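Numbering (our numbering), first residue to last: 50 to 927. Ideal placement from N, C-alpha and C gives every residue a C-beta, glycine not left out. Quick caveat, the model's predicted, so the values are computed rather than measured.
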């Protein structure tokens, strides 16, 4: 019987030499006594405990100190030898430095991008104490969260009944803002604005260039961005200057704030108007009850109040009020909760699906971040592979150094110094490349990142980055090369063991496994994007202009404008709608119909349109007819989309009566279904089309103009602009194309696809670079063997097959490992989309064939070059 060998060796390693024999004798004697008395298992456990308890000062051997005459000289010699090796083997040096530089470039760019994402909204000093108020409730037997639009009375309720929880309660008119025309007698420009509570500048700590953060307390004030102030007034203080908004609202500039960075909530908002003015101007707002959800509410916690405490206090804020309101009695069954969403979660963790908080954009951050880590890992693998592959050439050097008295720690230090030298050179090269690539990357990624040279954390990160990369790249070569036996090396009997190439093979497999996974993911992202882009949208986007009605002149001169536009011959039809055709602006309930399931929690997208809407957008009917201005009864007619018919369970929808009782719209009316259209994709193209009802009542806020397909857009736009200048001269002709707005819905996925494609190409290039170096080394190592085989009659094809076979086998193994891994990643990534493509076998086959083709192309150059070499040259030295 013997004690656990590992712990016995551990004891012998750490114990002081003068004490080892005595203590070990006592340990062994005690161990044997315990075996006889308690059994071997208990004796082993007690032996392990004794060994660990003995690991203490007084018993641990002292650390040996090696006193060198000139420590600086030794370190200097390490770097001299490293530089000589780099210059002596220029080909391998270029591959090593180039591969590491490419990997570092990707890692640095992705690191800057990830930092930009993770620091989103940290521009605001009260970041940790700001939250958005949201709602949740029980629908269809499930607890749904994520309702961000809130009712107007909730603002007063939070301020009066729960004011002690909050320092500020700030409402806004909705995310994204609205386009408005700012004008002075000299200039007119169109900018994006927002109605916001007067406490917002202080709460969000706007950085004021002119004026103070109290500027929005005046009902007729406006606060503008620095860039807007420069465009309107030049480089002067504009505070006190008069302006007009949409040519009908007089305001005075009370403050100028610095433009918000791209990674902030209010980026792109160029002016703010007081929320109180919005309430006074839009008289309908004060009449709204708890059943109309149309605004956002932000809060800042009061001092000494935590997010959890405030959230618990306001949770039933709505339910306590609506239980006594007659028109909200039916809402009690939903048991609504008021929740707080911290600012830290707004950007990366604010996606909701089926009422559950999803990872959101943070998935993209981790995905791109993982690519950066893997690409850097691939570059480090190249370094390790080439360093260990050339081990025999460094073996004699190691043997001589050991014979001259070098200990292993010194050899490890030497090889690590060479590693850090290569890493440092690669870092310099990579930083130069990053500086050249950043403008292109910012345009591709929609970012505004830069090298933070002035930040101390950046230089600390650079140091850590170089150290980690140096250790990662140099650890295996340093430990492997320093372990050679000097006797066998100097006798000339040293040969790398038959298993010495196993680690290199494993690293090659890891390289190409990562590369194949990236290829599969990139191809699948592109396929998913094309699948959704090719989705039928139910209307014609080409040549369709959307123009926001920024002035009442659009209503008073609407008929004249429509007639003038059609008379140009450039326009086929003009219509109005309550929102863009590329977005859902309104959702409503309160609909009843014959045969409705009483437990159905109905929610429909609603859009009010003019009778010409269908002809303008080109929607397609499956049943019934379009609206008609000549039929008076069409004021109470509705058109349904296919999803609405299916949702309502209507068998023969034409002529069916739908009753709508809605306080917010002021309706308690019967509507008759006159038509059913193909689903129009107005919301996210990645999600199912929402059941939608189209009316001819209500507000029309958008003018839709269909350009004549027989004329070019470049010819039509100037003439359309002339009509607007003639009929509505006070408002600039601002428009958006429906197809461009629709295409913008794919911007995130397109950026992910492009970034993944670029980084995948770099990963493949790095892998091929390493493979090229390994193939060169193998061909060089087997030069004499190839010469002998040629003399004996071997053909070029057989030699090429011999040299390529091992690499092909490794890549096939990589494909086998990568397939289930890539499938899992894709499955988890695509389940986020309701409208998604299937993961086809051809994606994996394409990636595998691509990897094999790249491998053969990379290896074949060196293999064929070696096979074509004159055998006399390789055998002459014999």
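Quickly, what does DSSP pair residue i with across the bridge? List them, please.
i: residue 720; result: 707
i: residue 624; result: 753
i: residue 291; result: 301
i: residue 323; result: 245
i: residue 109; result: 64
i: residue 642; result: 707
i: residue 349; result: 179, 217
i: residue 597; result: 751
i: residue 496; result: None, per the DSSP bridge assignment.
How is the beta strand (DSSP E) around residue i delimited, first residue to last?
i: residue 299; result: 298-306
i: residue 216; result: 215-221
i: residue 741; result: 741-744
i: residue 274; result: 270-274
i: residue 670; result: 670-673
i: residue 899; result: It is not in any beta strand (DSSP E) - residue 899 instead sits in the alpha helix (DSSP H) that spans 890-917.
Cα-Cα, which of the options is closest to residue i?
i: residue 892; options: 316, 254, 715, 573; result: 573
i: residue 339; options: 184, 99, 705, 817; result: 184
i: residue 739; options: 637, 396, 722; result: 637
i: residue 327; options: 359, 352, 266, 274; result: 266
i: residue 478; options: 655, 50, 143; result: 143
i: residue 97; options: 332, 141, 57, 619; result: 57
i: residue 310; options: 864, 137, 720, 168; result: 168
i: residue 395; options: 278, 562, 378, 180; result: 180
i: residue 670; options: 744, 85, 691; result: 691
i: residue 605; options: 186, 515, 777, 717; result: 777
Output the distance between the C-alpha atoms of residue i and residue j, rounded to the nearest integer angstrom.
i: residue 166; j: residue 485; result: 22 Å
i: residue 835; j: residue 853; result: 13 Å
i: residue 157; j: residue 414; result: 14 Å
i: residue 432; j: residue 861; result: 23 Å
i: residue 821; j: residue 528; result: 24 Å
i: residue 733; j: residue 590; result: 15 Å
i: residue 161; j: residue 799; result: 20 Å
i: residue 150; j: residue 757; result: 54 Å
i: residue 251; j: residue 329; result: 23 Å
i: residue 319; j: residue 255; result: 13 Å
i: residue 237; j: residue 608; result: 25 Å
i: residue 204; j: residue 212; result: 10 Å
i: residue 325; j: residue 895; result: 60 Å
i: residue 148; j: residue 874; result: 27 Å
i: residue 603; j: residue 172; result: 39 Å
i: residue 129; j: residue 137; result: 12 Å
i: residue 801; j: residue 575; result: 9 Å
i: residue 868; j: residue 571; result: 14 Å
Is residue i near the ligand FAD, in the sense that its beta carbon is under 8 Å from a heavy atom of that ligand?
i: residue 172; result: Absence of the ligand FAD from the depicted structure is noted, as is the absence of any ligand whatsoever, leaving it without description.
Locate the alpha helix (DSSP H) running through residue i, then write down its first and last residues.
i: residue 227; result: It is not in any alpha helix (DSSP H) - residue 227 instead sits in the beta strand (DSSP E) that spans 227-232.
i: residue 181; result: It is not in any alpha helix (DSSP H) - residue 181 instead sits in the beta strand (DSSP E) that spans 179-188.
i: residue 166; result: 139-167
i: residue 359; result: 356-363
i: residue 368; result: 366-371
Taking DSSP as the reference, what is the three-state secondary structure of residue i?
i: residue 200; result: strand
i: residue 785; result: strand
i: residue 884; result: coil
i: residue 385; result: coil
i: residue 281; result: helix
i: residue 457; result: helix
i: residue 80; result: helix
i: residue 652; result: coil
i: residue 343; result: strand
i: residue 391; result: strand
i: residue 686; result: strand
i: residue 118; result: Per-residue confidence for residue 118 stands at a pLDDT of 46, beneath the threshold of 50, marking its modelled position as unreliable; the derived number appears in the next sentence. It is coil, neither helix nor strand.
i: residue 842; result: coil
i: residue 735; result: coil
i: residue 131; result: helix
i: residue 937; result: Lying before the first or after the last residue shown, residue 937 is absent from the chain, which here runs from 50 to 927.
i: residue 317; result: coil
i: residue 876; result: helix
Taking 9 Å as the CB-CB cut-off, is residue i touching chain C?
i: residue 557; result: Absent from the structure: chain C. Only one protein chain is present.
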